[in-house]
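One structure below.
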Ligand SMILES: [Ca+2]
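In our numbering, the protein residues as written are 223 to 359.
Encoded structure:
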């Protein structure tokens with residue numbers, strides 16, 4: 223590969239399920255030149271960490287704080303009307319599925335289901351004085 227090459231060299235991906243919560247993994251490469259960059263894409267977005275050696279990550283639950291951040295936006299934490307819109311778009315308009323089902327389970331029911339009860343819960347909370355969504359487990 224030419225030294226001036228500026229494209230993608232390698233892509234690897236893996237899926238982490240909830241049984242991995244609390245475990246850690248590391249990303250390291252002895253061959254990777256330190257003057258290049260890593261590009262991380264996750265369900266939460268994309269980031270380009272600086273290269274300062276191996277990176278270790280601990281797997282945490284995607285649902286944090288109160289349920290309801292269905293659009294997975296950090297800008298509107300914990301929730302706002304865009305979260306309600308994302309659930310409605312997924313349920314009725316063929317929008318993308320929630321990235322973190324636990325967040326879209328707004329009422330926090332034990333089944334973890336995402337249904338009209340969650341939409342109703344948000345409407346009650348936003349406009350009818352209903353209780354705030356419960357905290358994630
Ligand atoms: Ca629910």
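Where a beta carbon is used, it is the ideal one built from N, C-alpha and C, also for glycine.
Could you check whether the Cβ of residue 310 sits closer than 7 Å to any heavy atom belonging to ligand 2? No copy of ligand 2 occurs in the structure displayed; its ligands are ligand 1 alone.
Flag residue 231 as yes when its Cβ comes closer than 7 Å to any non-hydrogen atom of ligand 1, and as no otherwise. Outside the cutoff, so no.
Please report the residue range of the alpha helix (DSSP H) in which residue 303 lies. First-last of the alpha helix (DSSP H) with residue 303: 303 to 314.
Straight-line CA distance for residue 297 to residue 347? Within the model, the alpha-carbon separation for residue 297 versus residue 347 is close to 19 Å.
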